[in-house]
Amino acid sequence: MNSEVAMFRRLIPLLLAAPLFAAHAGQVQVAVAANMTAPMKKVAADFAQATGHEAVVTIGSTGKFYAQIQSGAPFEVLLAADDETPAKLEKEGLGVAGTRFTYAVGKLALWSADPNTVDPQGAVLKQPPKGKLAIADPKLAPYGAAAIEALTKLGLLATWQPQIVQGENIGQAYQFAATGNATLGFVALAQVMADGKVSKGSAWIVPAQLYTPLKQDAIVLKPGAANPAATALVNYLKSDAARATLRGYGYEF
Amino acid sequence: MGFTREDWQAIALTLKLAATTTALLLVLAAPLAWWLARTQARWRGAVAAVVALPLVLPPTVLGFYLLVTFGPQGWGGQLTQSLGLGLLPFTFAGLLVGSMLYSLPFAVQPLQHAFESVGRRPLEVAATLRAGPLDTFFHVVLPLARGGIIQAAVLSFAHTVGEFGVVLMIGGNIPGQTRVVSTQIYGHVEAMQYPQAHALALGMLAFSFAVLLALALLNRRSTRVFG
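Those protein sequences? They're chains A and B, same order as listed. Residue numbering for the first sequence follows our numbering, beginning at 3 and increasing consecutively. Residue numbering for the second sequence follows our numbering, beginning at 1347 and increasing consecutively.
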């Protein structure tokens, strides 16, 4: 009985503080590119811990988000898969001027769900093609365009062209490879990496000189202009803690 | 804004897919619908429920299961490989299987309804005239169920033309092989090519309206003839 009273006493300051805390804590609606799915879960959890704000995450492709934002979607922050879309949104007045920055530079990986298919030098590409090669649609997704660019620079595009299947985004390209329907897939390194190493299947990290850097920009959108939680999220993404998390998934800065 | 060469390719592929799906579905759905219309079996309800599943399932669920089942690790994939058919995802045959499942209720339900409304009487009359069961089916039941057959064909065709989620999942978006009109429209929107998206989307809208209008006119005529 006494101990219960004591515990209740200890809780009182917390109970009193709760409404104060709630008044400060806010929500921010974030549209997040598909290649950031896994890291964003961790970043959002850490962000909530660090600031008390909640990031409500919607995953999708950057092109779809652009169309939805133009039609008045209530997203407050966009974490795009490219640097063109945020620039375009800023120019069109849908993004808040001056809030645009590169939050990550993505890396491309050739990946197979089978642990023995891809060698660390990517020599598997030079052998005669076996099975399908999944990529994201190069017209829609920067990772798909990067895959085509890398194949072209290696002089292997013609060899692999008949084997290519396209997902509408990098998430679907991964899905084709993960179910084994495609033997190989060009995916975002972040999709197959955790804690700094490839966590499943086998992968070749495509050397950076084979494709244009995958700069991923973020921007605060008009609905989030006056939301402190939106500003807090953008600041958090620039912090060492967030960058350490993203680095563990293979992103650079 | 006209159509691009890739748009035409997608249109041609969509029409081919819808026509093949409809033809195969009518052949397969007729005996199933006939059985559902006449049987007293206890598992009739369960079969009817399975047939109706694609009406309530999101197409992405259907497509996802097809992708997993017919992948190299799935039982379906191992079956098709052992039959020498290879793997179904990313092929026209794969889209065909997906479309037939997706449009199954649109073929079975109108047929079943039509068979039920034929009733027992014409069958009994045919039997007293010594017609065999197959003879009765082809010369008595099918002509009487004509309205339902046309309805089943038109609905299966139109529904397959509008298919999106299934082909998105198992298609692989290969021009000329698995890229249909709906995924082409989606691609145009994502690539922010809105004029091209408008041209195709408007065509799809006009087509759907024409189909439903034709069905309505047809229904009015058939009730006038048979009603």
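Idealized CB from N, CA, C, for every residue including glycine.
Between the Cα of A/LEU248 and the Cα atoms of A/LYS202, A/TYR213, A/LEU216, A/ALA196, which residue gives the shortest distance? Residue 248 of chain A sits at position 246 when you count from the first residue of the first sequence. Out of A/LYS202, A/TYR213, A/LEU216, A/ALA196, A/ALA196 has the C-alpha closest to the C-alpha of A/LEU248.
Would you kindly work out how many angstroms separate the C-alpha atoms of B/ALA1358 and A/GLN177, rounded to a whole number? For the purposes of this step, residue 1358 of chain B is identified with residue 12 of the second sequence, where counting begins at 1. For the purposes of this step, residue 177 of chain A is identified with residue 175 of the first sequence, where counting begins at 1. Cα to Cα, the separation comes out at about 28 Å.
Since A/THR87 and A/ILE61 are thought to touch, with beta carbons under 8 Å apart, how far apart are those beta carbons, to the nearest angstrom? As a working mapping, residue 87 of chain A is identified with position 85 in the first sequence. As a working mapping, residue 61 of chain A is identified with position 59 in the first sequence. That pair is no contact at about 15 Å.
Three Cβ pairs or more, each shorter than 8 Å: is that satisfied between the region 1486-1498 of chain B and the region 1508-1515 of chain B? no
Residues near A/SER204 by beta carbon distance below 6 Å, same chain, minus five either side: For the purposes of this step, residue 204 of chain A is taken as residue 202 along the first sequence, with counting starting at 1. Cβ within range, chain order: SER114, PRO117, THR119, VAL120.
Suppose you measure from the CA of B/SER1554 to the CA of A/GLU56; what does that come to, to the nearest Å? If you number the second sequence from 1, residue 1554 of chain B lands on position 208. If you number the first sequence from 1, residue 56 of chain A lands on position 54. Their Cα atoms are separated by approximately 43 Å.
Can you list the alpha helix (DSSP H) stretches of 4 or more residues lying completely in the region 143-198 of chain A, in chain order? 144-155, 159-162, 172-180, 191-194
Under 7 Å from the C-beta of B/LEU1433: neighbouring residues of chain A: Taking the second sequence and counting its residues from 1, the one referred to as residue 1433 of chain B is at position 87. Result: ASN183.
Pair within 8 Å by beta-carbon distance, B/THR1350 and B/VAL1527: For the purposes of this step, residue 1350 of chain B is taken as residue 4 along the second sequence, with counting starting at 1. For the purposes of this step, residue 1527 of chain B is taken as residue 181 along the second sequence, with counting starting at 1. Contact flag unset, no.
What does a CB cutoff of less than 8 Å around B/ALA1547 pick up in its chain, not counting 5 residues either side in sequence? On the second sequence, position 201 is the one that residue 1547 of chain B refers to. Excluding sequence neighbours, B/ALA1547 sits near ILE1531.
Simplified DSSP assignment, three categories, for B/PHE1461: Numbered from 1 along the second sequence, position 115 holds the residue referred to as residue 1461 of chain B. Helix at B/PHE1461.
Output yes if chain A places a C-beta closer than 8 Å to the C-beta of B/MET1446; else output no. Here residue 1446 of chain B corresponds to residue number 100 of the second sequence, with the count starting at 1. So no, B/MET1446 is outside the interface.
Exposure label - A/ASP256; buried when at least 16 CB within 10 Å: Chain A is shown from 3 up to 255; residue 256 of chain A falls before or after that span and cannot be answered.
Under 8 Å between C-beta atoms of A/TYR251 and A/ALA152: The residue you call residue 251 of chain A lines up with position 249 of the first sequence. The residue you call residue 152 of chain A lines up with position 150 of the first sequence. Cβ distance not < 8 Å, so A/TYR251 and A/ALA152 don't count as in contact.
Is there a C-beta anywhere in chain A that falls below 8 Å from the one on B/ARG1536? Here residue 1536 of chain B refers to the residue found at position 190 of the second sequence. Sequence check: residue 1536 of chain B is Glu here, not Arg. Yes, because at least one Cβ of chain A sits closer than 8 Å to the Cβ of B/GLU1536.
Run down chain B in chain order and give the residues with a C-beta less than 8 Å from the C-beta of A/TYR68. Within the first sequence, numbered from 1, the residue matching residue 68 of chain A stands at position 66. Chain B residues near A/TYR68: MET1538.
Three-state secondary structure (DSSP) at B/SER1428? Position 82 of the second sequence holds residue 1428 of chain B. Looking at B/SER1428 - three-state DSSP - the assignment turns out to be helix.
Closer than 8 Å, Cβ to Cβ, to anything on chain B: give me those residues from the region 135-167 of chain A, in chain order. ALA136, ASP139, LYS141, LEU142, ILE166, VAL167
Going by the DSSP bridge assignment, what does B/SER1528 pair with across the sheet? Counted from its first residue, the second sequence places residue 1528 of chain B at position 182. Paired residue(s): none; B/SER1528 is not in a bridge.
Terminal residues of the alpha helix (DSSP H) in which B/ILE1495 lies: What you label residue 1495 of chain B is simply residue 149 of the second sequence in a count that begins at 1. Here the alpha helix (DSSP H) through B/ILE1495 covers 1492-1507.
Provide the residue span of the beta strand (DSSP E) that contains A/PHE103, from first to last. Against the first sequence, residue 103 of chain A aligns to sequence position 101. Per DSSP, A/PHE103 belongs to the beta strand (DSSP E) from 103-108.
What number of angstroms, rounded off, separates the C-alpha of B/ALA1504 from the C-alpha of B/ALA1365? The residue given as residue 1504 of chain B occupies position 158 in the second sequence. The residue given as residue 1365 of chain B occupies position 19 in the second sequence. Approximately 10 Å between the Cα atoms of the pair.
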